[in-house]
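Residue numbers for the sequence shown follow our numbering, so the first one is 17 and each next one is one higher. Beta carbons: idealized from backbone N, C-alpha and C, even for Gly. Bear in mind the structure is a predicted one, so any value in this text is a computation, not a measurement. Structure first, commentary second.
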Amino acid sequence: MMKDMKKTTAIMICAILGIGCAPNVSSLNRHLEKGAYGPALEEARNDPAMIAHLAALILEREATEHPDRAAVMVNSLASSGKPGKYALKRLAHSTGVTSRLAGIALHRCSLPSDRELDSYLSDSWSDVRVAAARTWSRKIDRKRLENMILDPDPGVRVEAAAGLGRFEGEKTARILAQTVRLDPDPKVRARAVVQVKSLGTDALDVCRSALNDESMGVRNAALRGLCEIGSDEAVELIRDRMAGPMTEVTVVAAAELSRLDHEDGKRRFLEALKNRRSNIRATALVHLDRARVENPGKIRLRMLDDEAPSVVLTAASALLKGADPTGTVARALRRIVKEGSMRASGARDMLAVIGDPVAIAEVKEVLEQGDEKEVTTSLKRVAHAAMLYDAFVSLLKDDRAKVRIEAARSVLQNRQ
């Protein structure tokens, strides 16, 4: 009785102070240390909260045992509510890269002290530097960002380029222009070229030069930068790229010109949606919102009748961010499944996410009987399907580590 009273008092104190009482997961941990995932799940199965903590423990152990995977596991835990937070606190008391990553995740809402920040940004582990850059680059001062743009890891440089976009001045413009011209990574060059405000008077010339970059991603980013500049000369540069045979870059140029409300851009963009090549139609759908054409929803609904599965799935993916009251999207997806193309499994998984009973039954069968690649691929696509929660839970005891990890992430996204 005294023991129960102490437990009740502790819970009341936690409630009054607004803090959570850390769960006792020691018995679950002992099972996991022995590789006994079945018994661990059996112990937790009747308690949804403990199932969530078991899923967090699985990710926690993966981070500890495989430091090269720690960044991915920590990111998953950081968005997993209390189970993830408790796991991160335990990881923060470990050692090495995992401890450092957990520390960053636990303090992502506020900038650490100068000493701690410099320690993270100069860490020998690139994953730590990248995590710190992604977490705090929008708050870091200009001088640190100027140093970060020289980091050997492109992940840090991408965030530094974005962070420098908050500042103006001759030195910042020069650094960003050099980055666009000389950085070996196209993602870094693309991030730098869209910082037109910080590029200042050099922005037009920098974007003009980037239009000839070997990377299509950089060329597309340069077109977006020109759109942001919006001057007559910038518009003519976009128009030049829109001319000639229809390519994916042509579509992007048309979208940017359409965004600026130029009729020739709108016409060219709408032509792309009717192009005979499916990759052009799909590219136009991806940039539909950017183009600001009229009735984008109706356009997507029309594209559900497209003959190319890739186009249908692109349209359906955007439409499913809202409701599907008439079942139009579901019917289009069922057609793709019935046709049995290489995109059929993607359409099936989309149907499962929106609650189609036939698709849910088929996905359950895949999760129960599929090979490792089939199961993990499907888990990534249906992770938000709450109706598959029990199937996710059952896979926490799977013998295959990759399957357990994806199942754990799905459980945490649908924790009850």
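Spatial neighbours of P312 in its chain, beta-carbon cut-off 8 Å, leaving aside the 5 residues before and after: By 1-based counting over the sequence shown, the position of residue 312 is 296. Only residues of its own chain outside the window of five on either side were considered, and among them L304, D305 have a CB closer than 8 Å to the CB of P312, listed in chain order.
In or out: M319 buried (at least 16 other Cβ within 10 Å) or exposed? Walking along the sequence shown from the start, residue 319 turns up at place 303. Here M319 is buried. Its C-beta has 16 or more other C-beta atoms within 10 Å.
Closest to A68 by C-alpha separation, out of R85, M258, S96, E264, would be which residue? Residue numbering aside, residue 68 sits at position 52 when the sequence shown is read from its first letter. Nearest option by C-alpha distance: S96.
In angstroms with no decimal places, state the Cα-to-Cα distance between T393 and A368. In the sequence shown, counting from the first residue as 1, residue 393 sits at position 377. In the sequence shown, counting from the first residue as 1, residue 368 sits at position 352. Roughly 14 Å between the two C-alpha positions.
So, is A193 buried or exposed, given that buried needs 16 or more other C-beta atoms within 10 angstroms? Here residue 193 is taken as the residue at index 177 of the sequence shown, counted from 1. Taking a 10 Å sphere around the C-beta of A193, we find 16 or more other C-beta atoms and assign the residue as buried.
Using a threshold of 7 Å, state whether the C-beta atoms of S214 and G179 are closer than that. Indexing the sequence shown from 1 puts residue 214 at position 198. Indexing the sequence shown from 1 puts residue 179 at position 163. Not a contact, by the Cβ cut-off of 7 Å.
Can you give the Cα-Cα distance for Y102 and Y136, rounded to whole angstroms? Taking the first residue of the sequence shown as position 1, residue 102 is located at position 86. Taking the first residue of the sequence shown as position 1, residue 136 is located at position 120. Straight-line Cα distance between these residues: approximately 22 Å.
Am I right that S326 and S294 are in contact with their C-beta atoms under 8 Å? What's the rounded C-beta distance? Counting from 1 along the sequence shown, the entry for residue 326 is found at position 310. Counting from 1 along the sequence shown, the entry for residue 294 is found at position 278. Sure, about 6 Å apart at Cβ, within 8 Å.
Please report the residue range of the alpha helix (DSSP H) in which V433 lies. The chain is shown from 17 up to 432; residue 433 falls before or after that span and cannot be answered.
What are the boundary residues of the alpha helix (DSSP H) that includes F285? As a working note, residue 285 is residue 269 in the sequence shown. Segment 279-288, the alpha helix (DSSP H) holding F285.
Option nearest A176 by Cα separation, candidates R197, R205, N291: As a first step, residue 176 is located in the sequence shown; it is residue number 160 there, counting from the start. That would be R205, whose Cα lies nearest to the Cα of A176.
Closest by C-alpha distance to L276, when choosing among R292, T263, L242, C125: To locate residue 276, count along the sequence shown from 1; it is residue 260. Residue nearest to L276 within the set R292, T263, L242, C125 is L242 (criterion: CA-CA distance).
Would you give the residue range spanned by the alpha helix (DSSP H) that W152 belongs to? Sequence index remark: in the sequence shown, residue 152 carries index 136 (1-based). Taken as a continuous stretch (DSSP letters only), the alpha helix (DSSP H) holding W152 covers 142-152.
Can you check which of these residues, R197, D229, A121, G233, is closest to D218 by C-alpha distance? Position 202 of the sequence shown, counting from 1, holds the residue named residue 218. Per the C-alpha coordinates, the member of R197, D229, A121, G233 positioned closest to D218 is R197.
Under 7 Å between the Cβ atoms of V268 and L239? Here residue 268 refers to the residue found at position 252 when the sequence shown is read from its first residue. Here residue 239 refers to the residue found at position 223 when the sequence shown is read from its first residue. In this structure, L239 lies closer than 7 Å to V268 by Cβ.
L411 versus M66 - alpha carbon distance: On the sequence shown, residue 411 is found 395 positions in, with the first residue counted as 1. On the sequence shown, residue 66 is found 50 positions in, with the first residue counted as 1. Between L411 and M66, the C-alpha separation is close to 15 Å.
Is it the case that the Cβ atoms of S274 and A307 are separated by a distance below 7 Å? Numbered from its first residue, the sequence shown carries residue 274 at position 258. Numbered from its first residue, the sequence shown carries residue 307 at position 291. Judged by their CB atoms, S274 and A307 are nearer to each other than the 7 Å cut-off.
Three-state secondary structure (DSSP) at P83? Along the sequence shown, one-based indexing puts residue 83 at 67. It is helical.
Determine, using beta carbons only, whether V212 and E244 come nearer to each other than 7 Å. By 1-based counting over the sequence shown, the position of residue 212 is 196. By 1-based counting over the sequence shown, the position of residue 244 is 228. Result yes, Cβ atoms of V212 and E244 sit closer than 7 Å.
If we count the other Cβ atoms within 10 Å of its Cβ and call it buried at 16 or more, is D157 buried or exposed? Numbered from 1 along the sequence shown, position 141 holds the residue referred to as residue 157. The Cβ neighbour count for D157, taken over all protein chains shown within 10 Å, is under 16; the residue is labelled exposed.
Who are the near neighbours of R106 in its chain, counting only those whose CB is closer than 7 Å to its CB and skipping five residues on each side? For this step, residue 106 is matched to residue 90 along the sequence shown. Here R106 has E76 as same chain residues with Cβ atoms under 7 Å from its own Cβ, once five neighbours each way along the sequence are excluded.
So the alpha helix (DSSP H) I352 belongs to, where does it begin and stop? Along the sequence shown, one-based indexing puts residue 352 at 336. Here the alpha helix (DSSP H) through I352 covers 344-355.
Inspect the beta-carbon positions of A121 and L104 and report whether they are closer than 7 Å. The residue given as residue 121 occupies position 105 in the sequence shown. The residue given as residue 104 occupies position 88 in the sequence shown. Judged by their CB atoms, A121 and L104 are nearer to each other than the 7 Å cut-off.
Among T195, A147, R131, whose alpha-carbon lies nearest the alpha-carbon of E162? Locating residue 162 in the sequence shown gives position 146, where the first residue counts as 1. Closest by alpha carbon: T195.
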